[in-house]
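Residue numbers (my numbering): 3 to 254.
A virtual CB, placed ideally from N, CA and C, is assigned to each residue, including glycine.
Below is one structure; the comments refer to it alone.
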């Protein structure tokens, strides 16, 4: 894989704008684009859904959907909003007259896997779940992405993608997926790592198209990624001792 950003249409070192997020989003851990075009977010301590104006960076609404927990991913599909917990539990969140209601789906994943990334693979009508840690029984030295079928509400028995750690780790830092998103129109999957500050771009078969180093000055702890339908890219960073940030990039 090339180590430059030559092959992706974003200058990840030069955001159009950097929004500082309020302190309650210091632990921001997942992003999506909502049906109204605003940015949806969760944080990894409390069961709130946040709505952020993508033009101003302001939080426009906050709504409880569940008890406190380590929520790591959020993804909007045409029918619902989905939230991922680090133990692999998936929540379907729907609007009802009283507010929101959520239904939980247990998977065969556990805290050992540390599920962190959640994306929507529309072409295959499934969610993609990236594991930060243990890839599953008998899988060896890989990072794994599983599929959660939206028809059957079940997790794939085997990963739908695996990434060879010999290729994606560096001698000093391991690539541990913290977020992922599917880029509209291309099907390319963008996978963030907050430990080894990097962005990996793979195709639908898991072949690596790009590997991009992210400067730590801009990316304190990259934990969320989402694409708007027009290709605008958003990446969020946990505060890690300072303010959390939301970065916005227009495609080149």
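Proximity to residue i [Cα-Cα], best of the options
i: residue 50; options: 133, 114 and 87; result: 87
i: residue 209; options: 127, 239, 108 and 166; result: 166
i: residue 178; options: 212, 164 and 194; result: 194
i: residue 240; options: 10, 25, 200 and 18; result: 25
i: residue 82; options: 90, 67 and 74; result: 67
i: residue 75; options: 28, 65 and 93; result: 93
Residues bridged to residue i [DSSP beta-bridge criterion]
i: residue 64; result: 52
i: residue 21; result: 248
i: residue 213; result: 202
Beta-carbon gap between residue i and residue j smaller than 8 Å
i: residue 31; j: residue 55; result: no
i: residue 221; j: residue 203; result: no
i: residue 53; j: residue 121; result: no
i: residue 106; j: residue 95; result: no
i: residue 35; j: residue 249; result: no
i: residue 131; j: residue 148; result: yes
Burial state of residue i, where buried means 16 or more other Cβ atoms lie within 10 Å
i: residue 14; result: buried
i: residue 7; result: Caution is warranted here: a pLDDT of 45 is assigned to residue 7, below 50, making its placement in the model unreliable, and the coordinate value is therefore given only provisionally. Classification for residue 7: buried.
i: residue 40; result: buried
i: residue 5; result: Annotation note: pLDDT 39 at residue 5 (below 50); position unreliable, no value reported.
i: residue 118; result: buried
i: residue 228; result: buried
CA-to-CA distance, residue j to residue i, given in whole angstroms
i: residue 3; j: residue 162; result: Since pLDDT at residue 3 reaches only 38, below the 50 mark, its modelled position is unreliable, and the value read off the structure follows with that caveat. Cα to Cα, residue 3 sits roughly 20 Å from residue 162.
i: residue 144; j: residue 60; result: 38 Å
i: residue 246; j: residue 48; result: 16 Å
i: residue 219; j: residue 238; result: 14 Å
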